[in-house]
Amino acid sequence: MTLFERVPQEVNRILAKYPPERRQSAVMPLLHLVQLEKGFVDRHAMREIAELTGITETDVAEIVGFYTLYHDAPAGKLRLQVCNDISCALRGADEFLAQLCNRLGIQPGGTTPDGLITVEAVMCLAACDKAPMFQVQGPEGISYHENMTVDRTLDFIEAARKEVK
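Counting in the numbering used here, the sequence shown runs from 15 upward without gaps.
In structure tokens:
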């Protein structure tokens with residue numbers, strides 16, 4: 015089933031915002047639509063978005079690969095993304111990430127056995143002075159958590175588990 019078949023009104027609403035010669039500008043809103051619907055953007059969706067916007071599938075895949083908002087594979091219901099660029103690393107982000115993953119029994123990029131949380135390392139979430147920090151992406155949107163400790167993060171995860179049940 016194509017994007018047009020699943021949510022035609024939403025696709026048309028997005029495309030209507032751009033003149034035909036600038037349809038490529040609709041790529042990110044269309045990716046966001048797919049991401050909200052499926053939790054990730056598969057190759058089929060990338061191909062369809064490329065056709066809708068008049069760019070190549072490779073161009074769409076580059077956008078998916080560049081932004082931490084988009085994902086090309088399924089994962090946990092919540093993506094906990096720890097910033098570990100140099101500024102955050104200097105404030106302990108790498109150690110935070112390692113300890114968190116150790117306590118959860120997973121590696122960075124892995125998903126907890128219950129399928130709830132995928133922990134990922136990402137670059138620059140624009141809170142260098144508040145590291146260790148992470149953003150959580152889920153069905154409710156994105157939330158930011160700054161000046162975190164492993165114990166406070168585990169408390170957050172336990173609260174999320176209770177909400178999901």
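Beta carbons are placed, not taken as given, at the ideal position from N, Cα and C, and that holds for glycine. Please read these numbers as outputs of a predicted model, since none were measured by experiment.
Q.
Just verifying my parser: in three-state terms, what is the DSSP assignment at E172?
A. Per DSSP, reduced to three states, the secondary structure at E172 is helical.
Q. Roughly how many whole angstroms lie between the Cα atoms of L118 and E35?
A. Their backbone Cα atoms lie some 49 angstroms apart in a straight line.
Q) Name the DSSP bridge partner or partners of S157? A) Beta-bridge pairing by DSSP links S157 to V150.
Q. Among K91, F54 and R37, which one has its Cα closest to the Cα of V178?
A. Here the closest residue by C-alpha is K91.
(Q) Tell me the DSSP secondary structure of C102 in three-state form. (A) Of the three classes helix, strand and coil, the one that applies to C102 here is helix, per DSSP.
Q.
Assuming contact is defined by CB atoms lying nearer than 9 angstroms, are P88 and G53 in contact in what I supplied?
A. In this structure, G53 lies closer than 9 angstroms to P88 by Cβ.
Q.
Could you compute how far the alpha carbon of D169 sits from the alpha carbon of P146?
A. For D169 and P146, the distance between alpha carbons rounds to 15 angstroms.
Q: Return the bridge partner residues of A135 from the DSSP annotation.
A: Partner(s): V96.
Q: List the DSSP bridge partners of T167.
A: The partner list for T167 (beta bridge, DSSP) is empty, contrary to what the question assumes.
**Q.** Through-space distance from N98 to C138, alpha-carbon basis
**A.** Rounded to whole angstroms, C138 to N98 spans 7 angstroms at the Cα level.
Q) In the structure shown, what three-state DSSP assignment does T67 receive? A) Helix at T67.
Q) Would Y84 be called buried (16 or more neighbouring beta carbons within 10 Å of its own) or exposed? A) The C-beta of Y84 has 16 or more other C-beta atoms within 10 Å across all chains shown, which makes the residue buried.
Q) Excluding five sequence neighbours on each side, which residues of the same chain lie with their C-beta closer than 8 angstroms to the C-beta of Q49? A) Beyond the five residues adjoining it in sequence on each side, Q49 comes within less than 8 angstroms, by CB distance, of V55, L83, Y84 and H85 in the same chain, given in chain order.
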